[in-house]
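Participant:
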Amino acid sequence: MTELKFSNLTATTKICNRELNLEEMARKLRNITYNPRKFNAIIMRIRTPAVTGLIFHTGILIYYMVIHNHVSRKNGCCWRQERGGNTERR
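First residue of the sequence shown? That's 1119 in the working numbering, and the numbers climb one at a time after it.
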């Protein structure tokens, strides 16, 4: 049986059925970037979990999540922490 591993997740949803005023949202929301001369969507970043979302004026939200194994050095050995808190030694 083949083991499946996810590294990136992408999802799309429509958050409302009307046009959004991105300039007003940019003034009121935190952790966002909005520069309509470069890209005509709000870029929203969340650190934990690491998610980036794009909000378009049409009400469409696209978000990306990167899933990675946390690797750290401990006593000269390489340790990997899988999602869910399980730690194994490699």
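Yeah, the Cβ is synthetic: ideal placement off N, Cα and C, and Gly gets one too.
Less than 8 angstroms between the CB atoms is what I'm expecting for L1138 and Y1152, so what's the real figure, rounded?
Facilitator: With 8 angstroms as the limit, L1138 and Y1152 do not qualify as a contact, their Cβ atoms being about 11 angstroms apart.
Participant: Inspect the beta-carbon positions of I1164 and S1125 and report whether they are closer than 8 angstroms.
Facilitator: No, they are not a contact pair.
Participant: With DSSP as the reference, identify every bridge partner of N1153, one or two as the case may be.
Facilitator: F1157, per the DSSP bridge assignment.
Participant: Could you check whether I1133 and L1179 sit closer than 8 angstroms to each other, using their CB atoms as the reference points?
Facilitator: Contact flag set, yes.
Participant: How far does the beta strand (DSSP E) with A1168 in it reach, from first residue to last?
Facilitator: Neither: A1168 is in no beta strand (DSSP E) and is coded neither H nor E.
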